[in-house]
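Enquirer: Quick note: the sequence shown uses my numbering, first residue 83, plus one each step.
Cβ atoms here follow ideal geometry from the backbone N, Cα and C, with glycine treated the same way.
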Amino acid sequence: VVKMSPVIVQAVSRVIGEMKRAGRGGEASVRTDHDLSIRTVIVGTLAVALAVFLYFRFAVLAGTPNPTKIAAVSLVLTLGIAFLFAAVSAWAIAMISITPISGMTLTTLIVTAVALSALGLRGESGMLQVLLIGGVVCTALSMAGSLVAQYKIGYWLGATPRQIEISNIVGAIAGGGTGAAIGAAIG
83 VVKMSPVIVQ AVSRVIGEMK RAGRGGEASV RTDHDLSIRT VIVGTLAVAL AVFLYFRFAV
143 LAGTPNPTKI AAVSLVLTLG IAFLFAAVSA WAIAMISITP ISGMTLTTLI VTAVALSALG
203 LRGESGMLQV LLIGGVVCTA LSMAGSLVAQ YKIGYWLGAT PRQIEISNIV GAIAGGGTGA
263 AIGAAIG
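#1: To the nearest angstrom, report how far apart P171 and T181 are at their CA atoms.
#2: Which residue comes first and which comes last in the alpha helix (DSSP H) that contains A241?
#3: Are the beta-carbon atoms of F167 and S156 separated by less than 9 Å?
#4: Taking C-beta to C-beta, are L159 and V193 nearer than 9 Å?
#5: Between N250 and L229, is the Cβ-Cβ spacing less than 9 Å?
#6: Kindly indicate which three-state DSSP category V218 falls into: helix, strand or coil?
#7: T150 to M225, Cα distance in whole Å?
#8: Any idea what DSSP makes of R139, helix, strand or coil?
#9: Quick one: Cα of G208 to Cα of G240, how far?
#10: When the Cα atoms are used, what is the spatial distance from T114 to I264?
#11: Can you tell me the Cα-Cα spacing of S179 and E247, whole angstroms?
#12: Here's the rule I'm using: 16 or more other beta-carbon atoms within 10 Å means buried, otherwise exposed. How should Q245 be labelled?
#13: Does the Cβ of F174 have 16 or more other Cβ atoms within 10 Å, making it buried, or fewer, making it exposed?
#14: Determine the burial state of I163: buried for a count of at least 16 other Cβ atoms within 10 Å of its Cβ, exposed for fewer.
#15: Just to confirm before moving on: does the CB-CB distance between P243 and L118 stay below 9 Å?
#16: Grouping DSSP H, G and I as helix and E and B as strand, with all else coil, what is I90?
#17: Given L201, which residues of its chain have a CB within under 8 Å of its CB, disregarding the five upstream and five downstream residues?
#18: Kindly indicate which residue of I235, M186 and W238 has the alpha-carbon position closest to the one of G216.
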């Protein structure tokens, strides 16, 4: 993450610049004619963050003390770690064609276990919460690395980043729905 900090700062600066430009109604300076708009990305991120928060708060932490506070901290940990480690994962795929997902996931589990334990979360709900955060981060890392490879292949085949991004969103929703249906049938 430290080695990637210049790339992360540059990416965040570019996103903030695009958000400001979009807020003023200006034209995007980056190839957004081929990407999803920054507004779409922000709305999608907020929708996913809300869904994750609600799941943490009302499904996992409902019977624990301070569930709203712990769910909020869990969400910040999830989004923050996923953001930082996804950049590392994407870089690793682009540069060396492998990504240390298992190591980053273990780091996530350790960091979240320590943080949530310090907030008083213990027992089965604590273990479940830590594992859920680890699962979300692990999935984000896998998808970030995969997306880089898809961009490269899409470039060779003539696909736009927008087509690739939409297909990934549809695939994630379909996969999540199928997984939920199977889980409901089994459980």
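Expert: For this structure:
#1: In the sequence shown, counting from the first residue as 1, residue 171 sits at position 89. In the sequence shown, counting from the first residue as 1, residue 181 sits at position 99. The question names Pro, but residue 171 in the sequence shown is Ser. Whole-angstrom Cα-Cα distance: 5 Å.
#2: For the purposes of this step, residue 241 is taken as the residue at position 159 of the sequence shown. Under the DSSP assignment, A241 falls outside any alpha helix (DSSP H); it carries neither an H nor an E label.
#3: As a position in the sequence shown, residue 167 is number 85, starting the count at 1. As a position in the sequence shown, residue 156 is number 74, starting the count at 1. No, they are not a contact pair.
#4: Along the sequence shown, read from residue 1 onward, the residue named residue 159 stands at position 77. Along the sequence shown, read from residue 1 onward, the residue named residue 193 stands at position 111. Taking a C-beta distance under 9 Å as the contact criterion, L159 and V193 qualify as a contact pair.
#5: On the sequence shown, position 168 is the one that residue 250 refers to. On the sequence shown, position 147 is the one that residue 229 refers to. A Cβ-Cβ contact shorter than 9 Å links N250 with L229.
#6: On the sequence shown, residue 218 is found 136 positions in, with the first residue counted as 1. Correct three-state label for V218: helix.
#7: Against the sequence shown, residue 150 aligns to sequence position 68. Against the sequence shown, residue 225 aligns to sequence position 143. Approximately 28 Å, taken between the alpha carbons.
#8: Stepping through the sequence shown from its first residue, residue 139 is reached at position 57. Helix, per DSSP.
#9: Numbered from its first residue, the sequence shown carries residue 208 at position 126. Numbered from its first residue, the sequence shown carries residue 240 at position 158. Their backbone Cα atoms lie some 46 Å apart in a straight line.
#10: Reading the sequence shown from its first residue, position 32 is the one you call residue 114. Reading the sequence shown from its first residue, position 182 is the one you call residue 264. The pLDDT assigned to T114 is 43, lower than 50, so where the model puts this residue is not dependable; a value taken from the coordinates is nonetheless given after this. Approximately 37 Å between the Cα atoms of the pair.
#11: By one-based count along the sequence shown, residue 179 stands at place 97. By one-based count along the sequence shown, residue 247 stands at place 165. For S179 and E247, the distance between alpha carbons rounds to 20 Å.
#12: For the purposes of this step, residue 245 is taken as the residue at position 163 of the sequence shown. Looking at its Cβ environment, which holds fewer than 16 other Cβ atoms inside 10 Å, Q245 is exposed.
#13: Here residue 174 refers to the residue found at position 92 of the sequence shown. As written in the sequence, residue 174 is Ala, which differs from the Phe given in the question. Of the other Cβ atoms in all chains shown, 16 or more fall within 10 Å of the Cβ of A174; this residue is therefore buried.
#14: Position 81 of the sequence shown, counted from the start, is the residue given in the question as residue 163. By the C-beta density criterion, I163 is buried, having at least 16 other C-beta atoms within 10 angstroms.
#15: Here the question's residue 243 lines up with position 161 in the sequence shown. Here the question's residue 118 lines up with position 36 in the sequence shown. Pairing P243 with L118 gives a Cβ-Cβ distance under 9 Å.
#16: Taking the sequence shown and counting its residues from 1, the one referred to as residue 90 is at position 8. Correct three-state label for I90: helix.
#17: Start at 1 with the first residue of the sequence shown, and residue 201 comes out as number 119. N148, K151, I152 and V155, listed in sequence order.
#18: Counting from 1 along the sequence shown, the entry for residue 216 is found at position 134. Checked all of I235, M186 and W238; the closest Cα to G216 is M186.
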